[in-house]
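Below: one structure, written as structure tokens.
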Amino acid sequence: MKAVWTLEKIANHIDGEVIGDKEFQLDSVGTLQTATASQLSFLSNTKYKKYLLDTNAGAVIVHADMASDVPSNAIVVHDPYIAYAKAASLLNPIEKGYEGVHPTAFVDGNSQIHPSVSIAAQVVIEAGVELAENVVIGPGCVLLDGVKVGKGTRLIANITLCKSVTLGKNGIIHPGTVIGADGFGIANDQGKWIKVPQVGSVDIGDDVEIGANTTIDRGAIDNTIIGNGVKLDNQIQIGHNVVIGDNTVIAGCTGIAGSTKVGQNCVIGGGVGISGHLDICDGVQFTGMTMVTKSVNTPGV
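If you want the numbering used here, it's the 1-based position in the sequence shown plus 10.
What follows is the structure, given as structure tokens:
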């Protein structure tokens, strides 16, 4: 059943001002072009202003200078896109998932599972795994020996967490992700490649989101580290012993080679390649398809 909210309650949640009927009810979101009378929309880019006058949305989140153009109800805010993100979360609450432990799941008796945890079908949980309060483990996930998952983190489906990987609180991990597989550690012995054991693991902070089919290798000796608030898109490869600073965002198909350190609040576009053993300072931005072969010591683009 859809959640229904009055315009006034939504406005209070996003620190906005209602222009119109405060008791008007909304149950979902939509674009200016397709929204119906029970849906909330927004306008943050003037490119789409042409759709505002004819929208059927029950209410629109806008900046003050656009409020008079809204044909229905408006919520006036300072930043419409940020406000929309908060409102959309309110109208689309996260579903709990399977209640309890599915009968087809395997849970080792030597694991520590909080009673509030949700474990779906065909999950494998090995010895030493620790799952904190309100963790959700979706169908087909595999958690190997010693994995720790923090409060409120969600594994959507078919995710593998290898030995001793640690996830922080309130994370979202999307399908197909593999965290903690061996890094690409090899040494040439007179023309023959031999494997270098990868004995570190992966530490992931709080409020991290990792896109589908992204891979994060375990450290060769020390751990690979992903900081708090990091957002990773789909199909990203992060090599062994990489360190990603807090609140950095990385778009899809980027690859970061081993032992590179990326600072805080960096923005890395899609398809970027970053060589190994580099230092990237805080606040750096790489546009899509950039090839980075040297350390960067100055913030900016």
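We put the beta carbon where it would ideally sit given N, CA and C, even for glycine.
These numbers come from a predicted model, not from an experiment.
Leaving out the 5 sequence neighbours to the left and right, which residues in its chain are closer than 7 Å to tyrosine 108 when beta-carbon positions are compared?
-> Only Ser128, Ile129, Ala130 meet the Cβ criterion.
Verify whether the separation of the beta carbon atoms of threonine 270 and histidine 287 is less than 8 Å.
-> yes
Mind checking whether valine 306 and serine 285 have CB atoms under 8 Å apart?
-> In this structure, valine 306 sits away from serine 285, with a CB-CB distance that is not shorter than 8 Å.
Looking at the unbroken alpha helix (DSSP H) that takes in alanine 230, where does it start and where does it end?
-> That residue, alanine 230, is in no alpha helix (DSSP H); it is neither H nor E in DSSP.
What residue does the beta strand (DSSP E) around isoleucine 196 start on, and which one ends it?
-> Its beta strand (DSSP E) spans residues 196-199.
Spatial neighbours of glycine 281 within its chain, please: CB distance less than 7 Å, with the 5 preceding and 5 following residues excluded, ordered by chain position.
-> Cys263, Thr264, Gly298, Met299
On the three-pair Cβ rule with 8 Å, is the stretch 87-103 touching the stretch 113-122?
-> No, the stretch 87-103 does not touch the stretch 113-122.
Give the secondary structure of threonine 297 by DSSP, where H, G and I count as helix, E and B as strand, and everything else as coil.
-> coil
Within 10 angstroms of the Cβ of alanine 45, are there 16 or more other Cβ atoms? Answer buried if so, exposed if not.
-> buried
What three-state label does DSSP hand asparagine 83 in the structure shown?
-> strand
Which residues mark the beginning and the end of the beta strand (DSSP E) in which serine 51 is found?
-> 49-52
Report all residues from its chain with a CB closer than 7 Å to the CB of alanine 74; omit the five preceding and five following residues, and keep chain order.
-> Excluding positions up to five away in sequence, the list reads Val86.
When DSSP labels each residue in this structure, what does aspartate 75 get in the three-state scheme?
-> In the structure shown, aspartate 75 sits in a helix (DSSP, three-state: H, G or I).
Rounded to a whole number of angstroms, what is the C-alpha to C-alpha distance between threonine 156 and glutamine 208?
-> The sequence as given places glycine at residue 156; threonine does not occur at that position. Cα to Cα, the separation comes out at about 16 Å.
Selected residue, minimal CA-CA separation from lysine 19, among Ile135, Ala69, Gly221 | Ala69
Where DSSP assigns a beta bridge to lysine 158, which residues make up the other side?
-> Glu140, Thr176
Every unbroken beta strand (DSSP E) within the stretch 89-146, with a cutoff of 3 residues, ordered by chain | none
Leaving out five residues on either side along the sequence, give the residues of the same chain with a beta carbon under 6 Å from the beta carbon of valine 188.
-> Cβ within range, chain order: Thr170, Thr225.
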